[in-house]
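Quick notes on the structure that follows.
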Amino acid sequence: MDSMWPPFGLTIRASDTTHPGVELRVMRDEDIAAIAGVAPEDIYGADIPDYAFPWLFNPGMNTPAAAAQFRWTNRAQLRPEKWSLDFIVRDAHSGEILGTIDARAEDFATTREIATGSWVFHRFQGQGVGTLIRHAVVSFGLDYLGAQVMSTSWVAHNEASARVSQKLGYQVVSEGEEKAGPQNSSQRHVTARVAAPNYKRPDDLHVEVSGLSQQLLGMLR
């Protein structure tokens, strides 16, 4: 399948002194099935915050069928004008699933900007996993795809997301309103960006990318 669908050949591995290694690969159907039906408690623990992803509480969206359809749609519509690389994240040694991260772009050849969104299972949070995953994708975007800017967004009082972004050098560029949480209530939402020269790359970070073929590059830019 890697030769038929070049994104399946892409793997990003990252490690630093806080974590022995994570492996990111574009989701295959078995990966989609493995995370289908994730519960709010799986990501946030027993105390669900009001900034939790709203889709977790939508019966029409958080089903195995809806999860598969969402990922399949991203896969089917991937083209240079608009694409999303949806990664499953595993422990590089045990193979255990840690979470997911998506890298998205529109008109990348012109904007040279990639947006990311991610989540990590609650039991792995507080161990540097989220930071390492973000470093992996930022390094991939800047060093391998030629992005000039990486962006992300979060609900304003999601302090964990804010801290990760600050560590990497992101600066808040805009604020707005977005629905979030179990009640789908309006929350203050921030967007932040980091330009390539301002990215804070740790000295101990090691990132390795394989499977970035010319065919795949042609699909992205």
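For the record, in the sequence shown the residue sitting at position 16 is 27 according to our numbering, with numbers rising by one throughout.
Built from N, CA and C at the ideal position, the CB exists for glycine as well.
Contiguous alpha helix (DSSP H) elements confined to the segment 137-199 occur at 140-150, 170-179, taking only those with 4 or more residues.
Remark: C-beta atoms of L153 and A207 approach each other more closely than 7 Å. DSSP places W83 in no beta strand (DSSP E) but in the uninterrupted alpha helix (DSSP H) bounded by 75-87.
When beta bridges are read from the DSSP output, F98 appears opposite V37, I112. Residue state for I125 is assigned as strand, using DSSP reduced to three classes. Here the C-alpha atom of V218 lies approximately 32 Å from the C-alpha atom of P60. Counting only residues of its own chain and dropping the five nearest sequence neighbours on each side, S197 has a CB closer than 7 Å to the CB of E188, K190.
By the criterion of a C-beta distance shorter than 6 Å, P75 is surrounded in its chain by A47, G48, once the five residues flanking it on both sides are discounted. Contact between G56 and H133 is confirmed by a C-beta separation of about 4 Å, below the 8 Å threshold.
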